[in-house]
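At position 589 of the sequence shown (counting the first as 1) the number is 586 in my numbering, and the numbers step up by one without a gap. Below is one structure; the comments refer to it alone.
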Amino acid sequence: MLLQRDAQGQPIAIRREDYAAPAFWIDTVDLTFDLDPAKTRVLNRMQLRRNPEVPAQPLRLDGDELNLARVLVNGQGASFRMEGDQLVIDGLPDAFELELFTTCCPIKNTKLMGLFVSEDTFFTQCEAEGFRRITYFLDRPDVMAMYTVTLRASKAAYPVLLSNGNLVDQGELPEGRHFAKWVDPFKKPSYLFALVAGKLVAREQRIKARSGKEHLLQVYVRAGDLDKTEHAMNSLVNSVLWDEARFGLPLDLDRFMIVATSDFNMGAMENKGLNIFNTKYVLANQATATDADYSNIESVVGHEYFHNWSGDRVTCRDWFQLSLKEGLTVFRDQEFSQDLCADASARAVKRIEDVRVLRTAQFPEDAGPMAHPVRPDSYIEISNFYTVTIYEKGAEVVRMMQTLVGRKGFEKGITLYFERHDGQAVTCDDFAQAIADANPDSELARLLPQFKRWYSQAGTPRLAAHGVYDAQNRSYTLSVVQSCPPTPGQQTKEPFVIPLNIGLLDAATGRELPMQLEGESDVARGTRTIVLSRAGEQITFVGLDAEPVPSILRGFSAPVILDFAYTDAQLLTLLANDPDPFNRWEAGQRLGLCAALQAIAAHATDTTPVLNDAYLDAMRGVLRHPQLDAAFKELVLTLPSETYIAEQLDVVDPQRVHLVREAMRAQLATALFADWEQAYEDNKDTGAYTPDPTSSGRRALAGMALNFLCLAARASGDTVWPGKTLQRFKDAGNMTDRFNALNALVSSGHTLAAQALARFHAMFKDEALVIDKWFSLQAGASDRGGDILPLVKQLMKHPDFSLKNPNRARSVIFSYCSGNPGAFHRADAAGYVFWSERVIELDAINPQVAARLARALDRWSKLAEPYRSAAREAIARVAAKPDLSKDTHEVVTRALAGN
Ligand code: B3K
Ligand code: ZN
């Protein structure tokens, strides 16, 4: 790694401003693989030519853990040298053929980057920089080439041989081997290369596009899993139809394949025509998968499919532009899931869920040591920048563009973007420019340079708003001041362009009021978008007989924190009446959050009631509401998470946060006991299983009710509900109901939990994804005075546990360290010691997974003592480890630099 380390051996940062076009282009790549787990031979024949726009330089090809056997230039042995991991060749002609012969060892590849073996099947993962672990290459996204791939392997061991594009030839070879030859009709960067070889079976479906052209869709899995592929296939069909209907983007390949593997670092990968998926996002039937799994599968299948245009046809010039494809594609998958919803309520539920992810994961990232702009300026290891900022905040930036140009205008913008840049590797600027150019009269076009600060400035902007009613002039003036805190490397920020969706409600009746801005003759009803662009602004509404209740930031129209000193009465009005379902939910969250923060500040004891009667009555009203959907009720009744509450505090005592939130839950359980019983009875039967939003919402509410009923039983000593819950667990006709019942017993710490857990394991011992749930539920269970850490250590000794399998490692270690703050943050520091040991252990096996785990202590500097010092010490212990991967090194050194 010589070239990526400085004189002290420290990894050096790659900077966006240093971007330079490649000195050579690669036009064609012809790869031949002789697949063997211990020694795979790779013959790589490429046509290269000098980039005339770059001064003459040697050819520098990237490689990683390869054995190089031969280098031929135009068929002749060529002299070359190694500089670190790079293969360097001088004195090359302007155009030439380069032939490289290398070997690698897939069976020893525990990093799961490049070519690896999972359950006797070969898979690849090349994004971002994995192709260099297969052959020497210009492994950067702006080098796009045409690929021909021949796979050769034992026919008995690897009957299915897949790569990108179309199968053009296949046949037998001597000694029981066979081959398949694939040609990809589109040029692509190396990160989109893929191959799969193994014993697999496929569900197939043919679909007809609008043009009348037929396409073959395939979902490949291991033989026993075919009965779990229907939902993934349906999701794929829906994705193909949706992209064509909404954005006019058709499937451009004869054949589109999805293949599932149980050993995968992330969710899935959008390789051209050959998407490779973590089994978690493919396999589902009602016995093994929950409603949440079904919904995630739909999103991820959609996401990877939509990359076929936003990522594959138009890709990123360099990795700093990652959000160009990821932010846009998350936005597209969010829109897809919303468009599949049957009604406005289900759409709103999806929006609330997306915002909840943004606020509980991205806002803390934006406020912590790893904060970076949507288009970062530098990185040490690009794998660390597949973040919620690049993905989810990036999607919000795209959503704001849609808000500023309108839905139709945005579709025009997308059409122009793909017309202009098809087949190119481009930048975030190119994207924003296309959307603005297609909408020249829009606010986006007028404010484009300023709008693009969303790409360059990190940190979550804050809007401090307050309203003043002027009875004499019958006007209401909202003053809004925006600010953005410093982030690493960015001390000061310029104002952002913020689309602010607003409505006004009558305080007495809760009805929506007509809105007339001062100086305007139009009176509008419903939501208005006000575009903020200055540090401070005033918005005056006229024609108002009394002080209204402002409903600000409807639909979460911008990724900002809104400070507005709502009174409880105002929030109760919004919760009961706001026609905007997002803000209706948000009002309930604000009420819960205020109660939590007050109790934390007051050092309330375990027994002090945290929630007042008004709040409890309001929640009862929601639960009993005849019109509201079950899914929406479940979201309103879910208290803000411990992580979200902690983010609102300057100094966090995680045990206090945990205690207060648990007290709130206990209070909700007992105060609404009869209502929970009713909610359970009303929602427990959902008929034949379908994962649609309405029935999954009812299951979610029934599950929540059971949870509260078991919690209440714990306090009262009642045995009826735990007994009923155990029965429900045994009789359930689907995994959602079964798992919710199990969760109710485990999270209330009931004695029946042990037998339910044992039964669950016995029932599903051969279903890896269900066993992941079994591990995760236990490691993530609230400790309630018990001690989870010994159990976590014990789980790691279970015969089913494996550190090498990322899903399994996450199910125990991440569920404890990231998903269970009340158990992880211990005054004796044992949680942090456990964390540091696991980070170090994992780093030697799989740096990407280790670096993710390393992020669990990102927010250490906010912790109260003794947690703060202990956490810092644990991070320092990891940082001091010699030979740390670049991945983990970057995370822990940034964490330490944070304070
Ligand atoms: N593009 C991939 C992520 C690759 C992660 C590499 N460390 C999946 C996705 O976003 O669709
Ligand atoms: Zn993606």
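We put the CB at the ideal spot given by N, CA and C, even for glycine. Owing to the predicted nature of the structure, the values given are computational and were not obtained by experimental measurement.
Item to complete: Assess, as a yes-or-no matter, whether the region 689 to 700 is touched by the region 714 to 723 under the definition of 3 or more beta carbon pairs within less than 8 Å.
Response: The region 714 to 723 vs the region 689 to 700: no contact.
Fill in: Spatial neighbours of Ile349 in its chain, beta-carbon cut-off 7 Å, leaving aside the 5 residues before and after
For this step, residue 349 is matched to residue 352 along the sequence shown. Result list for Ile349: Phe579, Trp582 and Leu632, in chain order.
Worksheet entry | Assigned secondary structure, Val929 (DSSP; H/G/I helix, E/B strand, else coil) | Absent from the model: residue 929. The displayed extent of the chain is -2 to 896, so no value can be given.
Worksheet entry | Buried/exposed call for Ile131, threshold 16 Cβ in 10 Å | Position 134 of the sequence shown, counting from 1, holds the residue named residue 131. When all chains shown are included, Ile131 counts as buried.
Item to complete: Return yes when the Cβ of Cys707 is within less than 8 Å of the Cβ of Leu669, no when it is not.
Response: Within the sequence shown, residue 669 is the residue found at index 672, counting from 1. Within the sequence shown, residue 707 is the residue found at index 710, counting from 1. Taking 8 Å as the Cβ cut-off, Leu669 and Cys707 do not qualify as a contacting pair.
Worksheet item: Would you say Val539 and Arg459 are within 8 Å of each other, going by their C-beta atoms?
Response: On the sequence shown, position 542 is the one that residue 539 refers to. On the sequence shown, position 462 is the one that residue 459 refers to. No, the Cβ-Cβ distance between Val539 and Arg459 is not below 8 Å.
Fill in: Same chain, Cβ closer than 7 Å to Gly365, neighbours up to 5 away in sequence not counted
Taking the sequence shown and counting its residues from 1, one reaches residue 365 at position 368. Around Gly365: Asp855, Arg856 and Gly895.
Fill in: Beta carbon nearer than 5 Å to a non-hydrogen atom of ligand 2
In chain order, the hits are Glu323 and Thr326.
Discussion item. I'd like to confirm something about His600: is its beta-carbon nearer than 7 Å to some heavy atom of ligand 1, or not?
Written reply: The residue given as residue 600 occupies position 603 in the sequence shown. Result no, Cβ not under 7 Å from ligand 1.
Worksheet entry | CA-to-CA distance, Glu62 to Gly81, given in whole angstroms | Taking the first residue of the sequence shown as 1, we reach residue 81 at position 84. Taking the first residue of the sequence shown as 1, we reach residue 62 at position 65. One C-alpha to the other measures close to 11 Å.
Worksheet item: On the three-pair Cβ rule with 8 Å, is the region 301 to 319 touching the region 413 to 428?
Response: With the cut-off at 8 Å, the region 301 to 319 and the region 413 to 428 touch.
Discussion item. Let me check understanding here. Comparing Cα to Cα, which of Ile495, Pro844, Leu502 and Leu541 lies closest to Gly533?
Written reply: Taking the first residue of the sequence shown as position 1, residue 533 is located at position 536. Out of Ile495, Pro844, Leu502 and Leu541, Ile495 has the C-alpha closest to the C-alpha of Gly533.
Worksheet item: For Ile810, which three-state DSSP category applies?
Response: In the sequence shown, counting from the first residue as 1, residue 810 sits at position 813. In the structure shown, Ile810 adopts helical secondary structure according to DSSP, grouped into three states.
Discussion item. Spatial neighbours of Val352 within its chain, please: C-beta separation below 6 Å, excluding the five flanking residues on both sides.
Written reply: Residue numbering aside, residue 352 sits at position 355 when the sequence shown is read from its first letter. The answer, listed in chain order, is Phe553.
Worksheet entry | Cβ-Cβ distance between Arg658 and Leu636 below 8 Å | Here residue 658 refers to the residue found at position 661 of the sequence shown. Here residue 636 refers to the residue found at position 639 of the sequence shown. Cβ atoms of Arg658 and Leu636: closer than 8 Å.
Discussion item. To the nearest angstrom, how far is the alpha carbon of Lys490 from that of Pro482?
Written reply: Reading the sequence shown from its first residue, position 493 is the one you call residue 490. Reading the sequence shown from its first residue, position 485 is the one you call residue 482. Using only the alpha carbons, I get a separation of about 8 Å.
Worksheet entry | Sequence-distant residues of the same chain with beta carbon closer than 7 Å to Asp3, five excluded per side | On the sequence shown, residue 3 is found 6 positions in, with the first residue counted as 1. Excluding positions up to five away in sequence, the list reads Ile9.
Worksheet item: Taking buried to mean at least 16 other C-beta atoms within 10 Å of its own C-beta, is Gly168 buried or exposed?
Response: Within the sequence shown, the letter at position 171 stands for residue 168. Looking at its Cβ environment, which holds fewer than 16 other Cβ atoms inside 10 Å, Gly168 is exposed.
Worksheet entry | Beta-carbon gap between Asp527 and Ala462 smaller than 8 Å | For the purposes of this step, residue 527 is identified with residue 530 of the sequence shown, where counting begins at 1. For the purposes of this step, residue 462 is identified with residue 465 of the sequence shown, where counting begins at 1. Looking at the sequence itself, residue 527 is Ile, so the reference to Asp does not match. Their beta carbons are not under 8 Å apart, which means Ile527 does not touch Ala462 by this criterion.
Practice prompt. Go to Glu838, then tell me how far its alpha helix (DSSP H) extends in each direction, as first and last residue.
Written response: Numbered from 1 along the sequence shown, position 841 holds the residue referred to as residue 838. Here the alpha helix (DSSP H) through Glu838 covers Ala827 to Ile842.
Practice prompt. Verify whether the separation of the beta carbon atoms of Ala898 and Ile294 is less than 8 Å.
Written response: Residue 898 is absent from the model: the chain starts at -2 and stops at 896.
Discussion item. Beta-carbon within less than 7 Å of Pro606's beta-carbon, same chain only, minus the 5 sequence neighbours each way: which residues are those?
Written reply: In the sequence shown, the residue the question calls residue 606 occupies position 609. Result list for Pro606: Gln664, in chain order.
Practice prompt. Take Ala596 and list the residues in its own chain whose beta-carbon comes closer than 6 Å to its own, dropping the five residues that flank it on each side.
Written response: To locate residue 596, count along the sequence shown from 1; it is residue 599. Result list for Ala596: Val607 and Val657, in chain order.
Worksheet item: Hey, how far is the Cα of Lys184 from the Cα of Tyr144?
Response: By one-based count along the sequence shown, residue 184 stands at place 187. By one-based count along the sequence shown, residue 144 stands at place 147. So the alpha carbons of these two residues sit roughly 7 Å apart.
Worksheet item: In or out: Gln567 buried (at least 16 other Cβ within 10 Å) or exposed?
Response: Along the sequence shown, one-based indexing puts residue 567 at 570. Flag for Gln567 reads buried.
Practice prompt. Within its chain, find whatever has a CB closer than 7 Å to the CB of Leu164; leave out the 5 residues flanking it on each side and keep chain order.
Written response: In the sequence shown, the residue the question calls residue 164 occupies position 167. Excluding its 5 nearest sequence neighbours in each direction, Leu164 has C-beta neighbours in its own chain below 7 Å: Ala177 and Trp179, listed in chain order.
Worksheet item: How about Ala753: is its Cβ closer than 7 Å to a heavy atom in ligand 4?
Response: Absence of ligand 4 is noted for the structure shown, with ligand 1 and ligand 2 being the only ligands found.
Item to complete: Taking only the alpha-carbon atoms, compute the straight-line gap between Met(-2) and Val85 and give it to the nearest angstrom.
Response: Position 1 of the sequence shown, counting from 1, holds the residue named residue -2. Position 88 of the sequence shown, counting from 1, holds the residue named residue 85. Its pLDDT being 37, under 50, Met(-2) is placed unreliably by the model, and the measurement read from it follows with that caveat. Roughly 14 Å between the two C-alpha positions.
Discussion item. Once DSSP output is grouped into helix, strand and coil, what is the label at Glu267?
Written reply: For the purposes of this step, residue 267 is identified with residue 270 of the sequence shown, where counting begins at 1. Three-state result, Glu267: coil.
Worksheet entry | Integer Cβ distance of Gly500 from Arg551, believed to fall under 8 Å | Residue numbering aside, residue 500 sits at position 503 when the sequence shown is read from its first letter. Residue numbering aside, residue 551 sits at position 554 when the sequence shown is read from its first letter. Contact flag correct, Cβ pair sits at about 6 Å.
Worksheet item: Which one of Gly516, Asp503, Phe561 and Gly72 has the shortest CA to CA distance from Val546?
Response: Counting from one through the sequence shown, the residue named residue 546 turns up at place 549. Of all alpha-carbon atoms in Gly516, Asp503, Phe561 and Gly72, the one lying nearest the alpha-carbon of Val546 is that of Asp503.
Worksheet item: Per DSSP, what kind of secondary structure is Glu887 in: helix, strand or coil?
Response: In the sequence shown, residue 887 corresponds to position 890, counting from 1. Helix at Glu887.
Practice prompt. Out of Ala573, Ser744, Asp689 and Gln752, state which residue places its alpha-carbon closest to the alpha-carbon of Gly953.
Written response: Lying before the first or after the last residue shown, residue 953 is absent from the chain, which here runs from -2 to 896.
Practice prompt. Output the boundary residues of the beta strand (DSSP E) element that contains Gln479.
Written response: Taking the sequence shown and counting its residues from 1, one reaches residue 479 at position 482. Residues Ser472 to Ser480.
Worksheet item: Does DSSP classify Asp336 as helix, strand or coil?
Response: Here residue 336 corresponds to residue number 339 of the sequence shown, with the count starting at 1. Judged by DSSP in its simplified three-state form, Asp336 adopts helix.
Discussion item. Comparing C-alpha positions only, which one of Gly464, Glu440 and Leu646 sits nearest to Leu529?
Written reply: Working through the sequence shown from its first residue, we reach residue 529 at position 532. Its Cα nearest to that of Leu529, the residue Glu440 stands out among Gly464, Glu440 and Leu646.
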